[in-house]
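Peer 1: Sharing a structure below in structure tokens format, with a few things to ask.
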Amino acid sequence: MKDPLIEFRLERDLGQKLNTTFTFLRQNFRPLFKCILLFVVPFALLAGIFSGIYQGIQLDELSGAVEYGSMGAYTFAQTVNSAHYWVSLFFSLVSFVLLSLTIYSYMLQYMQHRGQVDSAQVWEGIKSNFIPVLYSSVGVILISVLATLLLVLPGIYVAVALCMFALVMLHEEVGFLDAVERCFYLIKGYWWPSFGFLLLLALLQGIIGFVASLPAMALYILRIFHLPGGDSDVLLVVATGFTTFISLLLYALTLTGVAFQYFDLVEKKEGVGLLEQVNQIGAQRETSLDLL
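In terms of the numbering used here, the sequence shown is residues 100 to 391.
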């Protein structure tokens, strides 16, 4: 039996949004994962590899396994080490942007074509929006950091509001500044319910991510205390890379939940879905009268 189509334009409470998030991921796991595999995984793997190399060097220094003969050697090593960190950070940002665009382009195709999604169309959505969303992501990070530096609470408020900016840019076809303004408009009056839902998603993501990181944590302990099994650089890079890779992909849960949060807020503010239903009923009545 074919799964029923998921309606996006609905008001939902916290439990309904959480249930719909998992239902959407379960029903679309294969085609959505195929898109993620094609468009996101290569960059996520690069982020994981460079993160693994960086973590390995840090652990060697922490355990005293690395000694530098001079200040020049130490400075050079730290520069190379920092390069691994920044490259990993760059690929992590690119992977997150690609993951966001993949999920949201997929969802918009799902809405427009009644559940029928073509991976080629998803790729077109990614290509046309990658650069604007990448730049905007940096802007959102800077705004959130500045707000947090001023005061912690404003930083949290801004982060919750702006979590929807990528979907707003795609769905409403607006630029960065308009997307930011739109996010604050939608969140006004509904910040606490949004915060509660996002906190629940973050806790679920964190628990799953912690389980996935256990192999890497075990290797860290073995390496720090020079225990058997902890001296393999390859194994450490693989374990750390796997943890980084899984951590990035787990954001699919939060990003999907954010989408249903966005449509819930749009319905609460503007009732777009309700207006569409009324128009459809009116069109059906006119068709029935014409047949008579």
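Just so it is clear, CB atoms sit at the ideal spot from N, CA and C, and this is done for glycine as well.
#1: Report, in whole angstroms, the separation of the C-beta atoms of L347 and F195, which I expect to be a contact under 8 Å.
#2: Below 7 Å between beta carbons: does that hold for L249 and N228?
#3: Taking three-plus beta-carbon pairs below 8 Å as touching, is the region 131-139 in contact with the region 313-320?
#4: Quick check: the Cα distance between A358 and L326, rounded to an integer number of angstroms?
#5: When the Cα of G288 is compared with those of W222, P103 and Y256, which residue comes out closest?
#6: Can you tell me which of D363, A301 and Y284 puts its alpha carbon nearest to the alpha carbon of A351?
#7: Could you check whether S293 and V259 sit closer than 7 Å to each other, using their CB atoms as the reference points?
#8: Round the Cβ separation of G147 and F341 to the nearest angstrom and send it over; I've been treating them as touching at under 8 Å.
#9: Given a threshold of 16 other Cβ atoms within 10 Å of its Cβ, counted over all protein chains shown, does N118 qualify as buried or as exposed?
#10: Could you check the C-alpha separation between A265 and E369 for me, to the nearest Å?
#11: Quick check on DSSP: helix, strand or coil for D217?
#12: What did DSSP end up calling P231 once you bin it into helix, strand or coil?
#13: Under 8 Å Cβ to Cβ from T120, same chain only, skipping five residues before and after it: list those, please.
#14: N395 lies in the alpha helix (DSSP H); which residues open and close that run?
#15: Cα separation between G114 and V333?
#16: Taking the straight line between their C-alpha atoms, what separation do you get for C282 and G151?
#17: Please go through the same chain and pick out, in chain order, the residues whose beta-carbon is closer than 6 Å to the beta-carbon of K335, but skip the five residues on each side of it.
#18: Can you tell me the Cβ-Cβ gap for V365 and L285, rounded? I've got them flagged as a contact below 8 Å.
#19: Which residue comes first and which comes last in the alpha helix (DSSP H) that contains K368?
#20: To the nearest angstrom, how far is the alpha carbon of D217 from that of Q157?
#21: Suppose you measure from the CA of Q215 to the CA of N127; what does that come to, to the nearest Å?
#22: Alpha carbon to alpha carbon, how far is Y205 from M263? Give it in angstroms, no decimals.
#23: Leaving out five residues on either side along the sequence, give the residues of the same chain with a beta carbon under 8 Å from the beta carbon of W290.
#24: Would a C-beta distance cut-off of 7 Å place K116 and F362 closer than the cut-off?
Peer 2: So, from the listed chains and residues:
#1: As a working mapping, residue 347 is identified with position 248 in the sequence shown. As a working mapping, residue 195 is identified with position 96 in the sequence shown. Right, the Cβ-Cβ distance comes to about 7 Å (below 8 Å), so this counts as a contact.
#2: Counting from 1 along the sequence shown, the entry for residue 249 is found at position 150. Counting from 1 along the sequence shown, the entry for residue 228 is found at position 129. Result no, Cβ atoms of L249 and N228 do not sit closer than 7 Å.
#3: No, the region 131-139 does not touch the region 313-320.
#4: Counting from one through the sequence shown, the residue named residue 358 turns up at place 259. Counting from one through the sequence shown, the residue named residue 326 turns up at place 227. If I take the Cα positions, the gap works out to 46 Å.
#5: As a first step, residue 288 must be located in the sequence shown, where it is residue number 189. The shortest Cα separation from G288 among W222, P103 and Y256 belongs to Y256.
#6: Taking the first residue of the sequence shown as 1, we reach residue 351 at position 252. The candidate whose alpha carbon is nearest that of A351 is A301.
#7: As a position in the sequence shown, residue 259 is number 160, starting the count at 1. As a position in the sequence shown, residue 293 is number 194, starting the count at 1. Yes.
#8: Taking the sequence shown and counting its residues from 1, one reaches residue 147 at position 48. Taking the sequence shown and counting its residues from 1, one reaches residue 341 at position 242. With a Cβ gap of about 7 Å, G147 and F341 count as contacting.
#9: Taking the first residue of the sequence shown as position 1, residue 118 is located at position 19. When all chains shown are included, N118 counts as exposed.
#10: In the sequence shown, residue 265 corresponds to position 166, counting from 1. In the sequence shown, residue 369 corresponds to position 270, counting from 1. Each residue's Cα considered, the two are about 20 Å apart.
#11: On the sequence shown, position 118 is the one that residue 217 refers to. Coil, per DSSP.
#12: Position 132 of the sequence shown, counting from 1, holds the residue named residue 231. It is helical.
#13: As a working note, residue 120 is residue 21 in the sequence shown. Counting only Cβ-Cβ distances below 8 Å, and skipping sequence neighbours, we find L300, L352, T355, G356 and F359.
#14: Residue coverage of the chain in this structure runs from 100 to 391, which leaves residue 395 outside it and unanswerable.
#15: The residue you call residue 114 lines up with position 15 of the sequence shown. The residue you call residue 333 lines up with position 234 of the sequence shown. Near 43 Å, if we compare the C-alpha coordinates of V333 and G114.
#16: For the purposes of this step, residue 282 is identified with residue 183 of the sequence shown, where counting begins at 1. For the purposes of this step, residue 151 is identified with residue 52 of the sequence shown, where counting begins at 1. Approximately 36 Å between the Cα atoms of the pair.
#17: Within the sequence shown, the letter at position 236 stands for residue 335. For the record, residue 335 in the displayed sequence is Leu; it is not Lys. Cβ neighbours of L335 beyond the five flanking positions: G155 and L318.
#18: Residue 365 sits at position 266 when you count from the first residue of the sequence shown. Residue 285 sits at position 186 when you count from the first residue of the sequence shown. The C-beta distance from V365 to L285 rounds to 7 Å, short enough to fall under 8 Å.
#19: Residue 368 sits at position 269 when you count from the first residue of the sequence shown. K368 -> alpha helix (DSSP H) spans Y350 to E369.
#20: Stepping through the sequence shown from its first residue, residue 217 is reached at position 118. Stepping through the sequence shown from its first residue, residue 157 is reached at position 58. Going from the Cα of D217 to the Cα of Q157 covers about 43 Å.
#21: Position 116 of the sequence shown, counting from 1, holds the residue named residue 215. Position 28 of the sequence shown, counting from 1, holds the residue named residue 127. Rounded to the nearest angstrom, the two C-alpha atoms are 10 Å apart.
#22: Taking the first residue of the sequence shown as 1, we reach residue 263 at position 164. Taking the first residue of the sequence shown as 1, we reach residue 205 at position 106. Distance from the CA of M263 to the CA of Y205, rounded to the nearest whole angstrom, comes to 16 Å.
#23: For the purposes of this step, residue 290 is identified with residue 191 of the sequence shown, where counting begins at 1. Non-local C-beta neighbours of W290 in its own chain, meaning closer than 8 Å and more than five positions away in sequence, comprise Y256, V259 and A260, ordered along the chain.
#24: Here the question's residue 116 lines up with position 17 in the sequence shown. Here the question's residue 362 lines up with position 263 in the sequence shown. Against a cut-off of 7 Å, the Cβ pair of F362 and K116 comes out as no contact.
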